[in-house]
Amino acid sequence: MSLEVKLITGRTLHQGASMERLGKESEEYTKSVAVCEMDPADMEKLGVKEGDIVKVATDSGEVFLWAAKSRQAPHEGTIFIPMGPWANALVDAGTNSTGMPDFKGVKARVEPAPEGKVLNAVELVREIYGYNY
Amino acid sequence: MATITDVICPFCGTLCDDIEVVVNGSKIESARHACKIGNSKFLSINDIPRPIKPLIRENGASREASIDEAIAKAAEILSNSKRALLFGWSSTSCEATAVGIEIAEEIGGLIDGTTTVCHGPTVMAVQYVGLPSVTLGEIKNRADLVIYWGANPMHAHPRHLSRYSIFPRGYFRERGQQDRELIVVDVRKTDTAKIANHFIQVEFGKDYELLSALRMIVNGGELEEEEVAGVPKEKIIELADKMMNCQFGILFFGMGLTMSPGKHRNIDNAISLVKNLNRHTKFSIMPMRGHWNVTGFGEVMTWQTGYPFAVDFSRGYARYNPGETSANDVLQREEVDAVLVVASDPVAHFPRKSVAHLARVPMITIAPHHSLTTELSEIFIPSSMVGIEEEGTAYRMDTVPLFTRKVIDPPQGVLSDVEILKRILEKIREMR
Amino acid sequence: MSELVLKNGIVYDPINNVNGEKMDILVKDGKIVEKLNGNAKTIDCSGKIVMPGGIEIHSHMAGGKVNGGRLFQPEDHVRFAMPKTKVTRSGTGFSTPTTFLTGYLYSKMGYTTGMTAAMPPLMARHTHEELKDIPMIDKGAYCLTDGNWFIMKYLKNGEIEKCAAYVSWLLKATKGYVVKITNPCGTEAWGWGKNCRSLDDPAPYFDITPRELVKGLVEVNEILKLPHSVHLHANNCGRLGNFVTTLETFKVPNGTKPAAKRQIMHATHIQFHSYGGDTWHNFESKADEIAKAVNSNKNIVIDTGTVTLDHTTTMTADGPLEYYLQSLTHLKWMNRNVEMETSPGITPFIYSRKMPTASIQWAIGLELSLLIKDPWQVLMTTDHPNAGPFIRYPRIIAWLMSRKYREETASKVHKVIYDRSTIDGIDREYSFYDIAIVTRAGEAKALGLSDRKGHLGVGADADIAVYDINPSEIDPSRDYKEIEKKFSSAAYTIKDGEILVKNGEIVQTRYGRTLWVNSKVDGELEKEVMKDIEYNFKRYYSVNLANYPVREEVLTRSTEVTRSASV
């Protein structure tokens, strides 16, 4: 069971506040940024509830996130992930000669992933990019 | 306890300059008037552990180093590089940017700012068609129609509405909000849309079409379609009428236009609409610049190099071609052989493919805190927080310059971005 | 500091009535002195012209709208670039050069002082940040007062003394040198997308006319005893038939006495204000009418704003004008109304030789220089970059010195100039002495700087230009190309006694002074006005009062000129 969606990324108040106040390694930052905000109708289609873990995948990669009911609905077929390493692990390469990556409007698939684990920012970066040392 | 007034908040491009910071010894007690994010930034002084000593990563482990060693090593990496990228700058002072430009020029490197991933497309559109704009005080005093398009200030610029656009009483708008109308155009019913008089939900990726439809009406044409971009014809005509018949209109736009498909062409169309509207009334447009001094970075870059971002000094003078010389392009093409990051966190905010190259090349980061970028850096030099622990010039989103204040001392031994960069430059010059 | 002798130069120093005499100029500690004791370095200037360093009286070289012009024209920066050298920073830009480049280019032409023409008070810090990055020359900024709510209200209420105290505060807060008026009242009207089209067309709501505003500010300027007079960009700039407004504007200060030995009004870039005709098809030069008025009014000084026939950028605080221009050209357009103060705008402009209008505009600039009899009243500018970039000064000098050169250019522009301007019939050719007046001595006098600048008398700043031109061997009328070349590339530019340029190349860089007026008024009056300022800031500005004034630290070699007002 999965859903084809458009992915939009951007700033939220909680993302900004937790980043500035507590830093990107904090639990609060992970809680406010490692989330996939979805339209309630879409959540119903997938059978996921607030706080369930979902896998979001694009051509560039996949990450596990907590599903969250969007407070800015309706926007069926569109998911929102706050700007940050989770969202950017999904953003496609290329800028079409504009210098600007496609941070909004990436083609993505969402599916329930009760077995998945949401990594914190540092774990995520380590897992994806590793270290060369 | 001491209260410092007229403090400028170093978080977003709104650059509120009325913050009252209460300082108690080495703690900040409160930051009155600041929004939730601004307040968090001031209070972070008390909470987030501050790195003091530079870190150098060697043989898979990082160790503390002296500031002299870190600066010497940073200078060596930059001096030996063939094509270094100097990135960041939007959360530090203009003075720091100026030194950064001098380093880039000295080593023939590239310099780019976070503009490239926020309003870079806006700059490109402005280079096509211009930008009829105003300062924020003009809006406060005169505006009777305020539009936010693809921007959500309730989250990204929390005090924008209360200081400049909707709520304040202005000279010609004595009743504040009652004298104005707020329209929000967005793909989602954002928290800003919820307080608007009118919300227009545009289909994702169709902003360009909606803008074109509005231009057609404003320029005297007739709309044949019953619906454009998911918006019914009557609603578009009503919006166009409101725009043409207001006394003083303002269109604020954000990432919803710059990052969506069409990018700079969306902005071009939005600006052209506003130009067309000036045949009917006074109308202006303004990008909602994000980081507190991203505008200042562009200003200094422009007066010193001639271009606002994505500058390449490899020929000894500045060249500019976004898409070729911009950060994500040079990273994704794997051209860059060293990176200096100042006051930014590209590992958190760049797409995967760009970050993969950042992880591959030697990276030096100058920033007040640990971040995902420092995680991947060879050298991390902690610096003081400009606007809180250090003075410096910044430019508001409407290009009004403000001199940010220092309210508290930085941790002992921590230098400012300007000082660190100057010392790196000095060392580079010694090596040549 | 070193001592310097400029030996056997042919000196043109109009303020001291020196007209092409062979003499030595002695320099010590950055000043011109009478005698030297020791081992002065000697520069052989025989067969070369020696003049005071050039002074720019009106150039948009620094500030928000200049940077706006740079920002939205990458194409302008591809046209001209200078790589970094051992002594200089890199730079780009033809009509909107970057800051470092601006300093270098002025210095290469023998200029040592330059004034930036329009600083919105709220943006003052920006202007000074850029001035800080302009090397080589002394500099200052003109503070815009045209659409200022405080000023309009005080003058409307007849509170001239309070108005003076406010302007005094404003100059100090912005570190300005001059009271600049651009499109009086029209810049406030532009807040509503409107304009003031005559001297009696009032600003909406504030209900004060341009005539009243200009008259009031002239009085304020003299109450404050400022070094320069008001510096006025009159109404209807660039509009058809505007010469009528210009002639009327010249009369506005009548009855007010200058507080110093200088003009009562500086009317700027008058080329843009000397237009006849009521359609673009009968557009014509009215330079002769304007010249007649200036010739009979010793209290007016103008600068020309000479068109150089280039692809350039127009930028002015006259927002409605820029909107009008872009509606003619359909080129890109930037606008920046500044709350409670003024309304700058920017748009590119192409003065094509093939265009009748541009050709007539070119003729007008030169007609003004040639028909106004007294060179002290007609200073040379291009209103950089509005009528052309300042790097064209040497070409204008050559045009002024050679009828033949003018004829040659005239033959390449639209033939309409033979009917609708008088340029073809003018024989006059400037002498080197005249050139020294319209490029340095006249500027110094008009700016109230002649105690230290614009001349080579004892005690003056050692700001000197040497050109490799031998007046006894060259015939400027015939060798105009040579004149243009030599004035482009000074043999020496000496600033404060230091050699900065040699043979047209920069040999070292220095940062000059920033001049500003520390205007003093009665303390009680100032306190009273501060109350109004505080009240209005809280309510209507978007910044706090405490964050408005420019700190002196941002100025390079801050140099205050103190003037005590008569109130």
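The listed protein sequences derive, respectively, from chains A, B and C.
To convert, note that position 40 of the first sequence is 40 in our numbering; the numbers rise steadily by one, no gaps.
To convert, note that position 272 of the second sequence is 272 in our numbering; the numbers rise steadily by one, no gaps.
To convert, note that position 511 of the third sequence is 511 in our numbering; the numbers rise steadily by one, no gaps.
Just so it is clear, CB atoms sit at the ideal spot from N, CA and C, and this is done for glycine as well.
Taking the Cβ atom as the reference point for each residue, do residue i and residue j lie within a distance shorter than 9 Å?
i, j, result
"Leu372/B", "Ala121/A", "yes"
"Gly69/C", "Pro385/C", "yes"
"Ala193/B", "Ser165/B", "no"
"Phe309/B", "Thr92/B", "no"
"Leu456/C", "Ile32/C", "yes"
"Gly290/B", "Met259/B", "no"
"Glu389/B", "Ile19/B", "no"
"Gly91/C", "Gly306/B", "yes"
"Leu358/B", "Leu376/B", "yes"
"Glu367/C", "Ser542/C", "no"
For residue i, count neighbouring C-beta atoms within 10 Å of its own C-beta (all shown protein chains included) and say buried if the count is 16 or more, exposed if not.
i, result
"Asn37/C", "exposed"
"Asn132/A", "Low per-residue confidence applies at Asn132/A: pLDDT is 46, beneath 50, and the placement is therefore not dependable enough to give any value."
"Met431/B", "exposed"
"Glu219/C", "buried"
"Tyr535/C", "exposed"
"Asp417/B", "buried"
"Lys49/A", "exposed"
"Gln178/B", "exposed"
"Ile52/B", "exposed"
"Pro164/A", "It is not possible to answer for residue 164/A, since the shown part of chain A is limited to 1 through 133."
"Ser296/C", "exposed"
"Ser344/B", "buried"
"Asp412/B", "Per the sequence presented here, residue 412/B reads as Gln, with Asp not at that position. With fewer than 16 Cβ atoms within 10 Å of its Cβ, Gln412/B is classed as exposed."
"Glu27/A", "exposed"
"Trp280/C", "exposed"
"Met124/B", "buried"
Does any residue of chain B have a CB that is nearer than 9 Å to the CB of residue i?
i, result
"Pro101/A", "yes"
"Tyr133/A", "Confidence in Tyr133/A is poor, its pLDDT being 39 and thus under 50, which makes the residue's placement unreliable; the coordinate value appears in the next sentence. True, the Cβ-Cβ gap to chain B drops below 9 Å."
"Val91/A", "yes"
"Met83/A", "yes"
"Gly600/C", "Residue numbering for chain C in the displayed model covers 1 to 567; residue 600/C lies beyond these limits and cannot be assessed."
"Val48/A", "no"
"Glu219/C", "no"
"Pro40/A", "no"
"Ser296/C", "no"
"Leu224/C", "no"
Quick one: what's residue i bridged to in DSSP?
i, result
"Gln332/B", "In the DSSP output, where bridge partners are listed per residue, Gln332/B has none listed."
"Cys36/A", "Ala67/A"
"Asn67/C", "Its beta-bridge partners do not exist; DSSP assigns none."
"Met43/A", "Per DSSP, none; premise fails for Met43/A."
"Cys568/C", "Absent from the model: residue 568/C. The displayed extent of chain C is 1 to 567, so no value can be given."
"Trp149/B", "Val185/B, Phe253/B"
"Trp333/C", "Gly130/B"
"Trp516/C", "Glu560/C"
Under a CB-based cut-off of 9 Å, is residue i close to chain C?
i, result
"Asn276/B", "no"
"Pro132/B", "yes"
"Ser162/B", "no"
Is the CB of residue i under 9 Å away from at least one CB in chain A?
i, result
"Leu376/B", "yes"
"His155/B", "yes"
"Val347/B", "yes"
"Ser40/B", "yes"
"Lys73/B", "no"
Within the chosen definition, does the segment 127-138 of chain C reach the segment 94-101 of chain C through at least 3 CB pairs nearer than 8 Å? By the Cβ rule, the segment 127-138 of chain C counts as touching the segment 94-101 of chain C, because three or more pairs are nearer than 8 Å.
Stretch pair the segment 237-254 of chain C + the segment 270-284 of chain C: three plus CB contacts closer than 8 Å: yes
Tell me, please, whether the segment 40-60 of chain C touches the segment 440-454 of chain C by the rule of three or more beta-carbon pairs shorter than 8 Å. yes
Three Cβ pairs or more, each shorter than 8 Å: is that satisfied between the segment 175-192 of chain C and the segment 218-234 of chain C? yes
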